[in-house]
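Below: the structure, in structure tokens.
Residue numbers (our numbering): 6 to 260.
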């Protein structure tokens, strides 16, 4: 994730802020805990390990950013485990774009940032990418969510040499007119653009979109994120759920 963040910032000529979060563990009443284990000692050891890992990651980030001539700022934050997702979603509101890794452990953080930060999110697989985004695929269904995602991806689209609108034709009825006008506007801006239509054939929509983008050799897939939260229980749209479960390439999600 450090390598991907630094590479993207270098490609976009952007500054990068990296957040490390130290986990604070609530102290357990010794009334019962002391009969089983030394909870105070375990808590101290776990918090010390969290600080050590945070310091190591911060040093690694600073070293890689310096080597790539990327302007870097560090933010060290401390939170209890249930509140990490909320804290990061609030912190994200101060920035143009949020970068996260799609690891299973981070799923609550990813969902909180996507639905509560108000900022676009680029979700990375657990591989390193070069940072260059020259070819953008857009999941297009003519919806307001898709249009909003295109707007939030404008900095990437403007610097791309090629854009593909990927339309899944058997998932819902799509009005081609808006897509045709969008392609026309891209071309007027000097960006080569075209529409690609694919059939889902009972496959998960998110998998279809990602597979098509991957086969097109796109560097980034842009899509709207569907869902809502209530008491921290998320109800996700089919494509969003599929992408959060299995990420094949960098995906810009916008809600």
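Just so you know, even glycine gets a beta-carbon here, dropped at the ideal spot from N, CA and C.
Pairwise C-alpha distance: residue j and residue i
i           : j           : result
residue 189 : residue 200 : 11 Å
residue 168 : residue 118 : 26 Å
residue 135 : residue 14  : 11 Å
residue 252 : residue 96  : 24 Å
residue 93  : residue 108 : 16 Å
residue 102 : residue 43  : 43 Å
residue 17  : residue 45  : 46 Å
residue 151 : residue 88  : 30 Å
residue 47  : residue 86  : 15 Å
residue 6   : residue 186 : 36 Å
residue 260 : residue 51  : 35 Å
residue 218 : residue 226 : 6 Å
residue 215 : residue 25  : 30 Å
residue 139 : residue 83  : 37 Å
residue 207 : residue 60  : 47 Å
residue 160 : residue 129 : 18 Å
Contacts around residue i, its chain only, beta-carbon distance under 7 Å, and the 5 residues preceding and following it disregarded
i           : result
residue 147 : 179, 180, 183 and 184
residue 90  : 113, 114 and 117
residue 213 : 173, 203 and 205
Backbone secondary structure at residue i - three-state DSSP
i           : result
residue 150 : helix
residue 108 : coil
residue 78  : strand
residue 114 : helix
residue 173 : strand
residue 23  : strand
residue 200 : strand
residue 42  : coil
residue 8   : helix
residue 221 : coil
residue 259 : strand
residue 132 : coil
residue 18  : coil
residue 32  : coil
residue 158 : coil
residue 73  : coil
Limits of the beta strand (DSSP E) - the one that residue i falls within
i           : result
residue 229 : 225-229
residue 178 : Per DSSP, residue 178 belongs to no beta strand (DSSP E) and is neither H nor E.
Residues that residue i bridges to, as DSSP identifies them
i           : result
residue 103 : 126
residue 168 : 141 and 198
residue 83  : 27
Limits of the alpha helix (DSSP H) - the one that residue i falls within
i           : result
residue 254 : Neither: residue 254 is in no alpha helix (DSSP H) and is coded neither H nor E.
residue 207 : Taken as a continuous stretch (DSSP letters only), residue 207 belongs to no alpha helix (DSSP H), as it is neither H nor E.
residue 96  : 89-96
Sequence-distant residues of the same chain with beta carbon closer than 6 Å to residue i, five excluded per side
i           : result
residue 104 : 10 and 127
residue 78  : 22
residue 73  : 11 and 15
residue 69  : 7 and 11
Other residues of its chain near residue i: CB distance less than 8 Å, five sequence neighbours each side excluded
i           : result
residue 235 : Because the pLDDT of residue 235 is 44, which lies under 50, any placement of that residue in the model is unreliable, and the number read from its coordinates should be weighed accordingly. So no residue of the chain qualifies.
residue 56  : 27
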